[in-house]
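Taken in sequence, the protein lines are chains R and H.
Here my numbering is used: the first residue of the first sequence is 1, the next is one more, and so on.
Here my numbering is used: the first residue of the second sequence is 503, the next is one more, and so on.
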Amino acid sequence: MGPIDGLFYGLKLIMVWQNLLAAFAGALVGTAIGVLPGLGPIAGIAILMPITYSLSPTAGLIMMAGIFYGAMYGGSTTAILVNMPGETASVVTCLDGYQLTKKGRAGAVLCLVAVGSFVGGTIAVLGVMLFAPQLAKFGILFGPADFFAMTAGGLLLLTRISGGSLASGLFPMTIGLLLSTIGQEPVTAQNRFTFGYNDLSAGVELVALVVGLYGIAEIMSVVDSMRSQVKPIGVRARDMLPTRTEWRRSLAPYGRGTALGFFFGLIPGPCAVLASFASYRLEKAVSKYRAEIGEGAVEGVAGPETANNAAATAAMVPLLALGIPFAPITALMMSALMVHGVQPGPLLIAQHPEIFWGVIASMYIGNMMLLILNVPMISIWVSLLRIPHYIFLPLILLVAVIGTYSVRNSMLDLSVLFLLGLAGYVLRKFDFHLAPMVVGVVLGPLIEKHLREGLFLSRGDISVFYSSPIAITIWGLVLIVMTVGFSRNLYKKIFGEVGRED
Amino acid sequence: MTSVQMRKAYLLIGGAGLLLAIVYIGLSFKLPFGELDQPGAAVFPIIVGVLLIFASLATLWEGWRFDKSVLVQLPAGEDRKRVLSLIGLLVGYFIALPWLGQIISSTLFLILLMRVLSGLSWPRIVCYSLAISLMLYAVFVLLLKVPMPRGMLLTP
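This is the structure in structure tokens:
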């Protein structure tokens, strides 16, 4: 199926009320998650994952994708209005966004950001549509050794590209791999490290792990530094129209942000965060108005916000084309697909075209829904920021507990939720990254499966793992990045001091 | 705010990781190893255990190299009291949940947590808590049919 036929097929699929509702609900909830501090898109998707189990795989994935890019849209609102990012990818938006608010341009900036997010998201979908099927065709040629290199090498790359020191990424990654070995192993289904608990046979529940690490830990962080709540200024619909100069100055950052974001979405790591920081640095380097950036320039907001949406969309490529998630959110999506009995991988597009093209079409529709939700309805989202902390923090905590419990009705999962919440809180305090732990838990069984298949098919010949051209290329890249390519100095040069994942 | 040396934290985390890796590898050796052409359940955990040793040593090394002046701010005073109260309330909630059921334990948890987070009067807190708890019960238990614990003490 060609891209045009595929898109029409996807549009026909999405025009079913269940899929349209899933896209709308995802966009709506995602925007709310992005706006409210205390619950990021990762924890938000994890909490809502059990609800998607009752939908079809296509509708479930559409909803999760909607939450992801919806949170990217919504995250900028708090950054611009109260100088507090709703999620990490909007940290950089605070710098110029809040300055522009102080100059009385809040409404116009919110409009520019919403349009930029729409542009970045929509053009990136075009890239996904054209690029993913080609990559999937190439992926069919992969053997177990190549997949082993992709999964294990990708995980190692993630630990370095996330930024920080070697230990801050590697330590959580190995803890994630360790957690992935609990329960039945993927080849012979033998129980490992269950210590007699039947509930552990199915492994550590991913929802409990992610909600603990990203939800409970985040709430603990908010509680430990709770200050008087900043009240946002009101934004009227008539204030939302940017001037002609603001539109003109945003066009080039939209283009640069889209290209940069798409590229970052394809590589392992917290793509949306890295893309927004890299875009900010790029604008500071090449923009005609670079001297104004940091003091309240539209380029400092339009570029990064476009980039993070383009990256969020492009991050779907490795998942949909190869079945390999390189970020916590796509790892959750993969896990949801597997619950539905769909095996992600290079054959996904051929065997389940309804999932691939349905999700692609939903991204076009979802981005349009988000534009409508975010521009005329901005005052409703602003009013969410007026909900007192003492109401929404306990509310989010209870939703997190119920969401986690609902997956397998297990009190053990609540213990995991609590313990990983504590672990996440402590690790974040000391600058450890949590994304490699989540991706490690999801990729662990895949790495083990490809390792054992490779050894089995080669009759125990270890050289199989470094003899194919694909494996050699990947391991070469990993070696370069792990040793010299991403030294701390180079990282700082690209993303600046503040470019941190968590 | 109170502070702790980054160096000490890294040394502690690296040490704990090393200990965990030794115990984990010890347990892994009890699993079948298989042959190289038919690897058993022990192979991958042993590789992970070795990786954990390497990661823990890297953490210890980085901790050793941290300057003593690098400090991390930890909550103190009222902030610390709030976090510790939240942790205590979560533990209490998870213990109470199977015994008292979702509605009672959630309402009690909400009442106490809101008291910790705000200076509102008790009657207002009780009203808000009951409203949230009943709303969540209606959405998740009645509408979405999530089978939350009903309480061992309350069911015959």
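A virtual CB, placed ideally from N, CA and C, is assigned to each residue, including glycine.
None of the values given here were measured: they were computed from a predicted structure.
Taking R:G265 as the centre and dropping the five residues before and after it, the same chain places the C-beta of C271, A311, A314, A315 closer than 6 Å to its C-beta, in chain order. The beta carbons of R:W357 and R:G6 sit about 5 Å from each other, so the pair counts as a contact at 8 Å. I589, L592, V593, Y595, F596, L599, P600, Q604, S608, F611, L612, L615: these are the residues of the stretch 589–615 of chain H whose beta carbon lies less than 8 Å from some beta carbon of chain R, given in chain order. H:S587 carries a helical assignment under DSSP once its states are collapsed to helix, strand and coil. With a 10 Å radius around the Cβ and a threshold of 16 neighbouring Cβ atoms, R:N409 comes out exposed.
Residue range 504–507 is occupied by the beta strand (DSSP E) that includes H:S505. Inter-segment contact for the stretch 141–157 of chain R and the stretch 416–427 of chain R is absent: fewer than three beta-carbon pairs are separated by less than 8 Å. Using a Cβ-Cβ distance cut-off of 8 Å, the stretch 102–112 of chain R and the stretch 420–430 of chain R are not in contact, since fewer than three pairs of beta carbons, one from each stretch, lie closer than that value. Put simply, the CB of H:T504 is far from chain R, with every gap to its CB atoms at 8 Å or more.
Annotated as distal: R:A336 and R:L95, with beta-carbon spacing of 8 Å or more. In the DSSP annotation of this structure, R:Q190 is not part of any beta strand (DSSP E), being labelled neither H nor E.
H:Q575: member of the beta strand (DSSP E) spanning 573–576, first to last residue. Residue range 3–14 is occupied by the alpha helix (DSSP H) that includes R:D5. Per the DSSP secondary-structure output, H:E537 pairs in a beta bridge with H:Q540.
Measuring C-alpha to C-alpha distances from R:L20 to each of R:F432, R:G66, R:A43, R:Q190 identifies R:G66 as the nearest. Ranked by Cα distance from R:V342, the first of R:E87, R:G164, R:I355 is R:I355. The straight-line gap separating the alpha-carbon atoms of H:S558 and R:S221 is approximately 25 Å. Between the stretch 542–559 of chain H and the stretch 195–210 of chain R, the count of Cβ pairs shorter than 8 Å is below three; the stretches do not touch.
In this structure, DSSP gives R:G421 a helical state, which the three-state scheme calls helix. Looking from the CA of R:L13, the closest CA among R:S56, R:T330, R:N374, R:L166 belongs to R:S56.
The stretch 291–306 of chain R and the stretch 344–351 of chain R do not touch, with fewer than three beta-carbon pairs separated by less than 8 Å. Taken through DSSP and simplified to helix, strand or coil, R:G294 comes out as coil. The contact set of R:M226 on chain H, defined by CB atoms closer than 8 Å, consists of D581, R584, L619 in chain order. Residue state for R:G358 is assigned as helix, using DSSP reduced to three classes. Our two residues, R:G120 and R:N367, have alpha carbons roughly 10 Å apart in a direct line. Chain R places a beta carbon closer than 8 Å to that of H:I515, counting this residue as a contact.
Residue state for H:G594 is assigned as helix, using DSSP reduced to three classes.
R:E218 and R:M333 have their C-alpha atoms spaced approximately 21 Å apart.
The beta-carbon of H:L554 is placed less than 8 Å from the nearest beta-carbon of chain R.
Taken in chain order, the unbroken stretches of alpha helix (DSSP H) that lie wholly in the stretch 411–465 of chain R and span 4 residues or more are 411–429, 435–457.
Counting only residues of its own chain and dropping the five nearest sequence neighbours on each side, H:F535 has a CB closer than 7 Å to the CB of G542, A544, V545.
Contact check between the stretch 70–90 of chain R and the stretch 362–377 of chain R: three or more CB pairs, one atom from each, fall below 8 Å, which counts as touching. For R:G183, DSSP records a beta bridge to R:R192. Contact of H:P625 with chain R is not assigned, every C-beta pair being separated by 8 Å or more. Nearest CB-CB separation between H:G653 and chain R: not below the 8 Å threshold. In terms of Cα proximity to H:M616, the closest of H:G565, H:I634, H:D539 is H:I634.
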